[in-house]
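In the numbering used here, the protein residues as written are 881 to 1035.
We put the beta carbon where it would ideally sit given N, CA and C, even for glycine.
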Amino acid sequence: MAKEKTPQTLQHSRYVSTCILGTGTYGLVLKCNDLQTGQPVAVKVSHKESAYRRSAINEGNILKTLQACPHVIKLEEMFEHEGRIHIAVELLHQNLYEHMRVRKFAITPLDEVRAIAFSILTAIGETHAAGFMHCDVKPENVMMRTPTNPTNRNP
């Protein structure tokens, strides 16, 4: 997908892409404005190949199942556009690795470690209770809602 043009609008012009937040094995993540809600969102875009599409569909379905869990990212919608699966989710502040990097990997205060650990363990517990297992828990995949309130859905 590296040489392909990043779409400017998605889902019948509901989402307007403003920038690429990141790229990975499965595709890319766009920062978009949701013209229906007026809020910024992140839209994960899968590659067109069937294995990536299947993986994205599985992820979207798991997120649908886990929407009542406060420590799991909020799904806005999942849709197909130009042969790719798109997963629109709440736009979060940063991942845990970036949070640590910005702080130059300084020692994290114990109360913050406890809050982050509680959030991660609760999310894993909720995921397991729903019959799923996260196979790639690492700081880059732990998203934080705000710099001052990293674990709560409602900052």
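It is roughly 16 Å from the alpha-carbon of Glu957 to the alpha-carbon of Ser935.
DSSP places Leu910 in the strand class (E or B) of the three-state scheme. Here Val925 is not near His973, since their CB atoms are 7 Å or more apart. Secondary structure note for Glu1020: it is in no alpha helix (DSSP H), with a DSSP letter that is neither H nor E. When rounded, the separation of the alpha-carbon atoms in Asn938 and Cys949 is 18 Å.
Within the segment 951-1022, the alpha helix (DSSP H) runs of at least 4 residues that lie entirely inside it are, in chain order, 976-982, 990-1009. Going by C-alpha positions, Ser897 is about 18 Å away from Gly904.
Take the alpha-carbon of Thr1002 and the one of His961: they are about 33 Å apart. In the DSSP assignment, Thr945 falls within the unbroken alpha helix (DSSP H) covering 930-945.
In this structure, the CA atom of Arg994 is about 10 Å from the CA atom of Thr988. Gly902 is positioned such that its CB atom lies no closer than 7 Å to that of His927.
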